[in-house]
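Visitor:
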Amino acid sequence: MFPFPSLFSVVLLDTTAVLGELDWKTYPVNGWDAITEMDEHNRPIHTFQVCHVMEPNQNNWLRSGWIQRQAAQRVHVELRFTLRDCNSIPWVSGTCKETFNLFYMQTDEPLSAGARFRPTDYTKVDTIAADESFTQTDLGDRVLRLNTEVREVGPVTQKGFYLAFQDVGACIALVSVKVFYKRCPSTLRNLAAFPDTVPHMDSSSLVEVRGACVENAEERDTPKLYCGADGDWLVPLGRCVCSIGHEEMDGHCRACRPGFFKAYAGNTKCSKCPLHSSSHDQAATICHCDKGFYRAAKDTSTMACTRPPSAPRNLVSLINDTALFLHWNPPSDTGGRNDVTYNVLCQRCDGSMSQCEPCESDLRFIPRPLGISGTSVAILDLAMHANYTFHVEALNGVSALGVAARSLANVTVTSHQTGPVLVGAVRKDWASLDSIALSWSEVEQPPSAILDYEVKYYEKEQEQLSYSSTRTKTPSVVVTGLRPSTVYVFHVRARTAAGYTAYGSSFEFTTAAEDPEVADQGQVLVVVTASVGGFSLLVILTLFLLITGRSDILCLETLHRHTLRDTHLSIISGVTTRIPFSGIKTYVDPDTYEDPTQAVEEFAKEIDPSYICIDRVIGSGEFGEVCSGRLRIPGRKDVAVAIKTLKGGYMEHQRREFLREASIIGQFDNSNIIRLEGVVTKSKFSLFFGVSDSEKMMLVIVRNAKEEISRPVMIVVEYMENGALDAFLRTRDGQFTVLQLVGMLRGIVVGMTYLSDMGYVHRDLAARNILVDEKLVCKVSDFSMSRILEDDSEVTYTSTGGKIPIRWTAPEAIAYGKFSSASDVWSYGIVMWEVMSYGERPYWEMSNQDVILSIEEGYRLPAPIGCPVTLHQLMLHCWQKEYSQRPHFSDVLSFIDKLIINPSGLLTLVNDALSFPDSPDDMPDYPLFISIGDWLDSIKMSQYKNNFLAAGYTTLDSISTMSIDDVKRIGICLIGHQRRIISSIQSLRLQLHHIQRSGFQV
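Heads up: the sequence shown runs through residues -20 to -1, 1 to 982, numbered per mature numbering (1 follows the signal peptide of the UniProt record, and there is no 0).
So, in structure tokens, the structure goes:
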């Protein structure tokens, strides 16, 4: 069955709608009868009947009028008819039929009135049979069975056609005939208009139709629809988007109302004008700033208009004998911007302060006089007894556009140096690797007696506010403790009874360079000296043993081993001595002992199990349960502890492996390493949890009777109230200041510096293996995967199998199984990222294989939201591909200490940073994605592709300006997903900026 006419159809003929007579022909004339009746609405009903069933060899034809096909390529004919059952007709012969035939003939013009009817000119469509026929009884009850059949005719290619109906001996009443063809009606889809379209003659093929964008819209991708054979529009492709200044409304693009604007083409709504701006006309593409407010050239049209800042507040000065320090508070009004910088302008005035001129060019400003991001500056090399006026100017991105007065704060100071310079030219008398001898001339008749001289010096390449100084009573000095082959800058001044004079001119001198041949000879001398000394010691020990006997050989061997472990060689002026190793012992691998139990006895203290009171089970480990409890040693205060237990039925090798961690932790003594209280290995009785003495004895008797005396094995460590760092941070998202988080990171790096100095590689450094106590002190734990690191820093541990934590492991350790202190530094960078993201999973839902491939291609984790720029730069430094280029833990500790001492370095957050690196070498190597889809796939956020596309974000450049509010606005509600997308956008923004600065287009 074919579908019935619908709204998607065009009717060519409907006999029920013809008001006059139908000009249909019958052949022969007395074959079909035309009957016209009126229905209840006084409309004619045209019916054609034939019923010559009593006569054989019937061939009665009924031909319609000429029907124009219009745009049709295939037409459908709907027939409604009744047909009588031959068996219900009495005395009928075998010539009675219950079917009739449908034919058609195409012509370009109607046939003439006298044209001869020739059946051979017609093409048969089908034989039509009734689904239901009526009987004589039905006639009496006046109930007729009406049938409806639809047949497809075509293809039709000429201008019109005729239909013909052949009766071959049936009793039929043709109630109505309807001829129609299907079309896809005009429609609007995706802001594109599509015209009426007729399907192809081939019902299996689709007609591709290109749409035209509605008014005030533009193509984003060519809009297309496909017209199906049934008149349905299928497979929409492409789309149009509303042009700038217009928004989508009910399928059309409406102009933005006054007070709203839209700066980018897309299907986003018009936005309300940002703060301090307005639009007065319709279809605004930008909101103009109110009077007194401005936008910088790099500000986007979606940013609020801002104004220049007010003057810095509370400018104070502090001057000493060597420098002037200026400090001020930020402006009370930053103008609505966060890019405030400061310029320090200097004038030198006469005594009456009436005549001022710019300061001399040799004044030194630290860090610099212009473009200062901090709120303090130091000025060096002031002239003596001079009046200076300093103006501190606050600027932001729109200061150059403002017409208001400059935002200045002023202070006037007088330098305190007394008297003229009393030091002549400074000479270098001689120089060694670490010393320089200087001398200078004295004035013949100083105004007052010179008490002594001060010599200030610093490395030229590392000139900072801090410097070293020394004093001497004579016009000469030997400065020691310098570095070889290094240029130093020296300043000398005199001190009289009236105070210090001004410094003389600066002089630069270089220490001596180290001769490689001499150095090699010195090393040979050290080796020979050490060898001779060692041989002498061996001879003395041998003679001693021969004299005293061999009973103490074992004791001497033990003493010798401990001495070698706790000391190291120090070479001073060619003399070989042994000195303590700065309190840091060398780690001893328990696997080097023939009997690992000996390592446990040496490094772990045995605890009587009766001293342990277990409160509850807090978890499970690889070997058994982990409990919390108290250690009650007589004479000592109770200590909260965690107890790791070895489950019953263990094998001896399991016992040794379990205790191996205790023999490792027992060697460490650092406030940021988990502390070992002791082990339980030798008790012959099981622990009892709240059991009375009588019950204990009964249990012991029963167990002795069964000869199953248990030997509990436990490791007891200090209890960390807040548990693992990653889980701790996830439950306290956003509750700490950046400085508190940096304090946690410092604790971790202190512990890792200690381990690295001992020559120890952790291999599994991650936030889950950092424990946090009640005072937020972080301590390194879980040493089950760690291994020894030899004295040679180039030596790494090669894995022989086992699981590797891919997301925390350095590339060389993953690829070659080589672990080192440098690979631990890589892991520490990941821990930093975990801490700053409050325990988020590194690389999110990326598979391990994707992580490995991404790292190999240069991808690095982007900065978490709210992460200071300095910390993310430190992370990237830890993630250098070449392990030799990564910092040492001591370097990381020094860097973090400087940040804590001067927290201003933590103020610039990654998402607030407005400046970018100047050179490709300063840029992290992020992968460049081709499309929005590729980018979302890479961060496992492909479920949001439609959100971005629907909001009009289709290029990488368009998303680079998105904020967290934009991400929320397009329908991304999960906080974790918002953070991941914003973090990736920040990284992408850096990359796109560098590419554009290099002259390329994205």
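Note that CB positions come from ideal geometry on N, CA and C, so glycine has one too.
Is it true that the CB of Thr27 sits closer than 7 Å to the CB of Val155?
Guide: Yes, Cβ-Cβ distance for Val155 and Thr27 is below 7 Å.
Visitor: Under a Cβ-count criterion, where at least 16 other Cβ atoms within 10 Å of its own Cβ denotes burial, should Gln38 be classed as buried or exposed?
Guide: Classification for Gln38: buried.
Visitor: Could you please give me the residues that DSSP links to Phe345 through a beta bridge?
Guide: Its beta-bridge partners are Ile359.
Visitor: By Cβ distance, which residues of its chain are closer than 6 Å to Gly819, with the 5 residues on each side in sequence left out?
Guide: Counting only Cβ-Cβ distances below 6 Å, and skipping sequence neighbours, we find Asp706, Leu709, Arg710.
Visitor: Straight-line CA distance for Phe241 to Ala263?
Guide: Rounded to the nearest angstrom, the two C-alpha atoms are 7 Å apart.
Visitor: Are Leu402 and Ala474 touching if we call contact CB-CB under 7 Å?
Guide: Yes. Within cutoff.
Visitor: How big is the Cα-Cα spacing for Val55 and Arg49?
Guide: Their backbone Cα atoms lie some 8 Å apart in a straight line.
Visitor: Measure from the alpha carbon of Gly727 to the alpha carbon of each residue in Gly208, Ser297, Leu756, then state which is nearest.
Guide: Of the candidates Gly208, Ser297, Leu756, the one whose C-alpha sits nearest the C-alpha of Gly727 is Leu756.
Visitor: State whether the segment 201 to 220 contacts the segment 77 to 84, with contact taken as three or more CB pairs (one from each stretch) at a distance under 8 Å.
Guide: Because the criterion of three Cβ pairs below 8 Å is not met, the segment 201 to 220 and the segment 77 to 84 do not touch.
Visitor: Would Val872 and Val741 be called neighbours here (beta carbons separated by less than 7 Å)?
Guide: No; because the gap between Cβ atoms is not below 7 Å, this pair is not in contact.
Visitor: Kindly indicate which residue of Leu639, Ala622, Ile623 has the alpha-carbon position closest to the one of Tyr630.
Guide: Ranking the options by Cα distance to Tyr630, first place goes to Leu639.
Visitor: Quick one: any contact between the segment 862 to 878 and the segment 800 to 808, if contact means 3 or more CB pairs under 8 Å?
Guide: These segments touch.
Visitor: For the segment 81 to 157, which segments carrying the beta strand (DSSP E) assignment without a break, of at least 3 residues, lie completely within its bounds, in sequence order?
Guide: 103 to 109, 127 to 133, 140 to 147, all fully within the segment 81 to 157.
Visitor: Who are the near neighbours of residue 983 in its chain, counting only those whose CB is closer than 7 Å to its CB and skipping five residues on each side?
Guide: Any answer about residue 983 is impossible in this case: the structure gives the chain only from -20 up to 982.
Visitor: Taking 7 Å as the limit between beta carbons, can you name the residues of its chain near Ser448, skipping five residues before and five after?
Guide: So the qualifying residues of the chain are Tyr437, Tyr438.
Visitor: Indicate whether Pro842 and Ser963 have their beta-carbon atoms separated by less than 7 Å.
Guide: Yes, these two residues count as a Cβ contact at 7 Å.
Visitor: Going by the C-beta, is Leu375 closer than 6 Å to any heavy atom of the ligand FMN?
Guide: Absence of the ligand FMN from the depicted structure is noted, as is the absence of any ligand whatsoever, leaving it without description.
Visitor: Taking the CB atoms as reference points, tell me whether Glu701 and Ala747 lie closer together than 7 Å.
Guide: No, Cβ-Cβ distance for Glu701 and Ala747 is not below 7 Å.
Visitor: Measure from the alpha carbon of Thr610 to the alpha carbon of each residue in Thr460, Gly658, Gly838, then state which is nearest.
Guide: The sequence given here has Arg at residue 610, not Thr. Checked all of Thr460, Gly658, Gly838; the closest Cα to Arg610 is Gly658.
Visitor: Specify whether the segment 169 to 178 and the segment 123 to 137 touch according to this definition: at least 3 beta carbon pairs, one from each stretch, less than 8 Å apart.
Guide: Touching, no.
Visitor: Suppose you measure from the CA of Ala14 to the CA of Tyr142; what does that come to, to the nearest Å?
Guide: Answer to the nearest angstrom: the Cα atoms are 18 Å apart.
Visitor: With DSSP run on the structure shown, which of helix, strand or coil describes Gln853?
Guide: In this structure, Gln853 counts as helix in the three-state DSSP scheme.
Visitor: When you compare each of Leu851, Arg787, Tyr933, Lys5 to residue 995 by their alpha carbons, which one comes out closest?
Guide: The structure shown does not extend to residue 995, since the chain is modelled only from -20 through 982, so no value can be given for it.
Visitor: Between the Cα of Gly956 and the Cα atoms of Thr481, Ser817, Glu1, Leu214, which residue gives the shortest distance?
Guide: Checked all of Thr481, Ser817, Glu1, Leu214; the closest Cα to Gly956 is Ser817.
Visitor: Consult DSSP for Tyr823 and reduce its assignment to one of helix, strand or coil.
Guide: The answer is coil: DSSP assigns Tyr823 none of H, G, I, E or B.
Visitor: For Ile644, which of helix, strand or coil comes out of DSSP?
Guide: Three-state DSSP puts Ile644 in a helix.
Visitor: Can you tell me where the alpha helix (DSSP H) with Ile654 in it begins and where it stops?
Guide: Counting along the chain, Ile654 falls outside any alpha helix (DSSP H), and DSSP gives it neither H nor E.
Visitor: Checking 7 Å against the spacing of the C-beta atoms, do Phe145 and Leu(-2) come in under that value?
Guide: No, the pair does not count as a contact, with Cβ atoms beyond the cut-off.
Visitor: Could you have a look at Met364 and say whether DSSP puts it in helix, strand or coil?
Guide: Here Met364 sits in coil by DSSP.
Visitor: Compute the Euclidean distance between the alpha carbons of Thr466 and Ile416, then round it to the nearest angstrom.
Guide: Cα-Cα distance, rounded: 11 Å.
Visitor: Report buried or exposed for Gly628, applying the criterion of at least 16 other Cβ atoms within 10 angstroms of its Cβ.
Guide: Flag for Gly628 reads exposed.
Visitor: Name the two residues that bound the continuous beta strand (DSSP E) containing Gln29.
Guide: That run of the beta strand (DSSP E) goes 24 to 31.
Visitor: Following the continuous alpha helix (DSSP H) through Lys925, name the residue where it begins and the one where it ends.
Guide: Note, Lys925: alpha helix (DSSP H), 925 to 930.
Visitor: Measure the beta-carbon distance from His471 to Gly461 and round it to whole angstroms, keeping in mind my assumption that it falls under 8 Å.
Guide: Contact doesn't hold; Cβ gap of about 18 Å is too wide.
Visitor: For Asn652, collect the residues of the same chain with a Cβ closer than 6 Å to its Cβ; drop the 5 residues on either side in sequence, then sort them by chain order.
Guide: Only Gly727, Val730, Gly731, Lys759 meet the Cβ criterion.
Visitor: Assign Glu641 to one of two classes, buried (16 or more other C-beta atoms within 10 Å of its C-beta) or exposed (fewer than that).
Guide: Label assigned to Glu641: buried.
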